[in-house]
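So the sequence shown is residues 1 to 218, counted in full-length UniProt numbering. Note that CB positions come from ideal geometry on N, CA and C, so glycine has one too.
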Amino acid sequence: MSDIAALLTWTNIRFLLEGLGLTLIISALAIACSIVLGAVISIMRGSSSRLLRGFAIAYVELFKNTPLLLWIMFTFFVAQLPPLPAAVLAFTLFTAASVAEIVRGGLASVPAGQYEAARSQGFSAPQMYLYIILPQALRNMVPALLSQFVTTIKDTSYLWGAMALQELMGRGMILMNSYNSTVQIFAIFGLMALIYFVVCFTLSQIVRAYQRRLKGAR
């Protein structure tokens, strides 16, 4: 118990929470950027242009069938970006493929009459999507987007091994190297697991609550 008490200092906890802060920043930036990119890809996929549609399909298939770690290493080692921009870019490019499918499903949930009404009012395609379609589709996309946010938070744990970025996992590994006791090392693992669990479980509960609210509204 004395080993664990020596570990659970405010300095160590703050050290891990600072890593969590970076994890959440990377995840939030990646999700925000991937929503924009994913929406564009999804709209391109529904385009009448074979070139745009082909590009969108190729993009989604490429990132769905290659590992995230490959793109993290590409942005950091090949593109030689600084760690934080490299991480955000890799997650954005990778996550946008999943978000594009989420957006596609959300757009399909909007009744066809809404598209026809927008066109009859003289809206251009960008105006139609921006002002009429996307606001309606977004309500149905929120649960899936929050679930994707949870996945992104967990996937940031790759960053320490790939580029030594000190997010939550990286801070935990640094902390483990400061202690020799097996009990303390297991305690650090447990503390990291608890932090990940609390954050991800809370977001998952928000998703479930929102889904129940949607069902109630219908």
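Beta-carbon separation (whole angstroms), I132 vs C200, contact threshold 8 Å:
34 Å between Cβ atoms; not a contact.
If I'm right that A138 touches V207 with Cβ under 8 Å, what's the distance once you round it to whole angstroms?
Reading off the sequence, residue 138 comes out as Leu, not Ala. Contact flag wrong, Cβ pair sits at about 15 Å.
Return yes when the Cβ of A96 is within less than 8 Å of the Cβ of S178, no when it is not.
For the pair S178 and A96, the CB atoms are not nearer than the 8 Å cut-off.
Are the CB atoms of P143 and Y59 within a distance shorter than 8 Å?
no
According to the Cβ coordinates, are G170 and I188 closer than 8 Å?
no
Beta-carbon proximity check, L89 vs L81, cutoff 8 Å
yes
Buried or exposed by the 16-neighbour rule on C-beta atoms within 10 Å, applied to A79
Per the 10 Å Cβ criterion, exposed.
Where does F127 sit, in a helix, a strand or coil, going by DSSP?
First, the amino acid is wrong: residue 127 is Gln here, not Phe. Q127 falls in the helix class under three-state DSSP.
I need the straight-line Cα distance from L134 to I174, nearest angstrom please.
43 Å
L70 classed as buried or exposed, judged by whether at least 16 other C-beta atoms fall within 10 angstroms:
exposed
Burial state of F197 (16 or more Cβ within 10 Å)
exposed
With H, G and I counted as helix, E and B as strand and the rest as coil, what does DSSP make of Q121?
coil
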